[in-house]
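Participant:
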Amino acid sequence: DPAGSRVPRCLVDGVIDGLRPGPHGLHVHEFGDTSQGCESCGDHYNPDGESHGGPQDEHRHAGDLGNVWADAEGRAAFRMEDTRLKVGVSDIIGRSVVVDAGEDDLGQGGHELSKLTGNSGPR
């Protein structure tokens, strides 16, 4: 951290069971509404109007968390820190965390969905 300043970080820690083994995109979405499954969660949380990217990219949706890896039993355990997410009512409180069927290309895949969703398949 420059000049001894501390960069606030949000800890994202979880376990997801029942996945297909391999990589899966993980994103914070706009809404916490799951009344229609993941379809009512809205788009990726993106308060700054950025393109989709990876968790280390300067320009990305705030909700872009990259990929989690499901083992042979279908379990993805993850623990990551993020500097773009903030814990507060006007930030991520009340939103949803959604796992996608496939790997997130982190906005680098060249597909028409790469800069929107990471082309990581259905929720």
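Residue numbers (full-length UniProt numbering): 1 to 123.
Every residue, glycine too, gets a C-beta built ideally from N, C-alpha and C.
Compute the beta-carbon to beta-carbon distance between R60 and G53, rounded to the nearest angstrom, for a pair I have assumed lies under 8 Å.
Facilitator: Confirmed, Cβ separation roughly 3 Å.
Participant: Keeping to the same chain, check which residues put their C-beta closer than 8 Å to that of G32; ignore five residues upstream and five downstream.
Facilitator: C41, G94, R95 and S96.
Participant: Are there 16 or more other CB atoms within 10 angstroms of the CB of H111, so buried, or fewer, so exposed?
Facilitator: Counting Cβ neighbours within 10 Å, H111 comes out exposed, since fewer than 16 surround it.
Participant: State buried or exposed for T117, treating a residue as buried only when at least 16 other CB atoms are found within 10 Å of its CB.
Facilitator: Buried, by the Cβ-count rule.
Participant: How would you write the range of the alpha helix (DSSP H) that S120 sits in, first residue to last?
Facilitator: That residue, S120, is in no alpha helix (DSSP H); it is neither H nor E in DSSP.
Participant: Starting from the N-terminal side, write out each stretch of the alpha helix (DSSP H) that is 4 residues or longer and does not extend beyond the UniProt domain "Superoxide dismutase copper/zinc binding" (10-123).
Facilitator: List check, alpha helix (DSSP H) in window: 114-117.
Participant: Output needed for A72: all residues of its chain with C-beta closer than 7 Å, excluding positions within five of it in sequence on either side, in chain order.
Facilitator: Excluding sequence neighbours, A72 sits near P21.
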